[in-house]
Structures are given as structure tokens and as C-alpha cells.
Amino acid sequence: MRVAFRLNGQPTEVESRPTAFLVDVLRESGLTGTKEGCGVGVCGACTVLVDDRSVSSCLYLAPCVEGADVWTIEGLTERFPEVVDAFVAHEGMQCGICTPGQVAAVCALALEQPDADDGAIREYLNGNLCRCTGYQTILAAAKAALQR
Ligand code: FES
Ligand code: FES
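Residue numbers 2 to 149, in our numbering, belong to the letters of the sequence shown in order.
So this is what it looks like as C-alpha cells:
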């Protein structure tokens, strides 16, 4: 089936099986910045924005984005350069699997709760699980991104 939606600000149309997940359709279309970690909706690595809400694309059926506005890490870095700058400035990087989801989640946070305090930031990001780097730099990057 064909699915028509806006992808990173551009009208697009992709071929999808009715049961395909969004992460797979995005990656098969060449946007490999979105990563699959756990595949079961708990790690946040596959985070993308659908109509400016954070979603786990490993659980989101691709046909459900028909007519929606989808942003992946490739477009979010252009749309929210201040978030990228904050991650760089605070060395908020994790590995290549986790970082795109972290950045996407902070972009969604900036849209949904631009006045979030430390507790709200921590709560919002608790769906992005990896703590390999200690996590404090991620939180500092998120806080700085909101201030920008
Ligand atoms: Fe989607 Fe982990 S890969 S939440
Ligand atoms: Fe990605 Fe830990 S698995 S930073």
C-alpha cells in the first residue's frame, strides 16, 4: 500500500506493508539515522516526531502516518540546531544507536514543555534508557536546549 505524509517538511509517499513499523519504512527509504534498539518500545532509540509528538517508531505502524507530519533526526537537526548545539556544548553524546533518539526526544520536549524544570526534563526523558555515559550530560544538554 502507498502511504502519503510529510517527512521532514517535504511531501512524500512510500510503499509499506499494512503491518510494517515506521522505523523500518524510514530506514528502508534511506533515512538510517533513526535506530532500532530494543524493538519493543522501551529504549527510546527509535524516537521520531509524529505531528510534533514523540513516538517510538518501532511500535508505530507505518500506515498510521498517512496525512501526518513526521520528523526524523535528519530533519530535526536542521529544524532545531539549538538542540544539536546544546548536545555538542555539553558533550551529551551517547553511542550512535542512542544519540539520535535522545536528540529527537529533546526536540519533542522543547515543543511540548518548553518551560520544563529539572524534574520534568528527567521525567520526560525517562523513556530514553541507555545510561552508558552517566546520563548527566544528556540532562544538562536538554536543560541548555530549552534555555535556548
Ligand atoms: Fe523502539 Fe527501543 S527500538 S523503543
Ligand atoms: Fe548507546 Fe549505551 S548503548 S550509549
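Note that beta-carbon positions come from the ideal geometry of N, C-alpha and C, so glycine has one too. As the structure is a computational prediction, the values presented were derived from the model and not from experiment.
With contacts defined as CB atoms closer than 9 Å, VAL24 and VAL51 fail to qualify as a contacting pair. Ligand 1 has a heavy atom closer than 8 Å to the beta-carbon of GLU37. In this structure, DSSP gives ARG132 a state outside helix and strand, which the three-state scheme calls coil. Within the same chain, Cβ atoms closer than 6 Å to the Cβ of LEU8 are found at VAL71, the five residues on either side in sequence being excluded. Closest by C-alpha distance to PHE6, out of GLY38, GLY68, ARG28, ARG18, is GLY68. ALA5 carries a strand assignment under DSSP once its states are collapsed to helix, strand and coil. Taking the Cβ atoms as the reference, LEU77 lies roughly 7 Å from VAL104, within the contact range of under 8 Å.
VAL89 is not a Cβ neighbour of VAL107, given a cutoff of 9 Å. Taking a cut-off of 8 Å for Cβ pairs, the segment 133-146 and the segment 110-119 touch, as three or more such pairs fall below it. Within 8 Å of the C-beta of ILE74 there is not a single heavy atom belonging to ligand 2.
In terms of Cα proximity to THR33, the closest of ILE74, LEU147, THR13 is ILE74.
Apart from sequence neighbours up to five positions away, the residues of its chain that approach ALA21 with a beta-carbon distance below 8 Å are LEU62, ALA63, PRO64, ordered along the chain. DSSP places LEU27 inside the alpha helix (DSSP H), whose first and last residues are 23-29. Note on the segment 69-147: whole beta strand (DSSP E) runs with a minimum of 3 residues are 70-72, in chain order.
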